[in-house]
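A short write-up of the structure that comes next.
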Amino acid sequence: VQLQASGGGLVQPGGSLRLSCAASGTIFSGNRMGWYRQAPGKQRELVAYITSGGGTTYVDSVKGRFTISRDNAKNTVWLHMNSLKPEDTAVYYCNTVPTAFYSWGRGTQVTVSS
Numbered sequence: 578v579q580l581q582a583s584g585g586g587l588v589q590p591g592g593s594l595r596l597s598c599a600a601s602g603t604i605f606s607g608n609r610m611g612w613y614r615q616a617p618g619k620q621r622e623l624v625a626y627i628t629s630g631g632g633t634t635y636v637d638s639v640k641g642r643f644t645i646s647r648d649n650a651k652n653t654v655w656l657h658m659n660s661l662k663p664e665d666t667a668v669y670y671c672n673t674v675p676t677a678f679y680s681w682g683r684g685t686q687v688t689v690s691s
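Numbering-wise, my numbering puts 628 at position 51 of the sequence shown, and it's gapless, one number per residue.
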């Protein structure tokens, strides 16, 4: 079972990005899916997750700026990020919540800088 996160890049403060994560296997549809991030020198943190039914939860630092969504038929989860700030710079990963059933993979780098 694998995850493939994509969509990261370099963006100016205030800009937007959409991250995508495609999952293989049968774990995806029945589990909460989350987006995590890890900044240099910091621990990985969960920033948003979505239940199999579409309920969402966000960490305070991204509320009102990030939106998580999913398509169970496509085994895909997205993270729409608006009003990006330099402190959002990190490698972003997706995985199940609260237990990470998939291997973490490389993630996708998001860099917010002018």
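Glycine included, C-beta positions come from ideal geometry on N, C-alpha and C.
On a predicted model such as this, the values are computed, not experimentally measured, just so you know.
Inter-residue spacing [alpha-carbon to alpha-carbon] between residue i and residue j
i, j, result
"residue 582", "residue 656", "10 Å"
"residue 649", "residue 675", "18 Å"
"residue 588", "residue 625", "20 Å"
"residue 621", "residue 681", "11 Å"
Closest Cα partner of residue i within the set the options
i, options, result
"residue 611", "662, 690, 632, 689", "632"
"residue 688", "614, 654, 623, 652", "614"
Same chain only: Cβ atoms within 6 Å of residue i, ignoring 5 sequence neighbours per side
i, result
"residue 642", "659, 660"
Three-state class that DSSP yields for residue i in the structure shown
i, result
"residue 607", "helix"
"residue 672", "strand"
"residue 687", "strand"
7 Å Cβ shell around residue i - same chain, five flanking residues per side excluded
i, result
"residue 684", "582, 668, 669, 670"
Buried or exposed (CB count within 10 angstroms, at least 16 for buried), residue i
i, result
"residue 637", "exposed"
"residue 618", "exposed"
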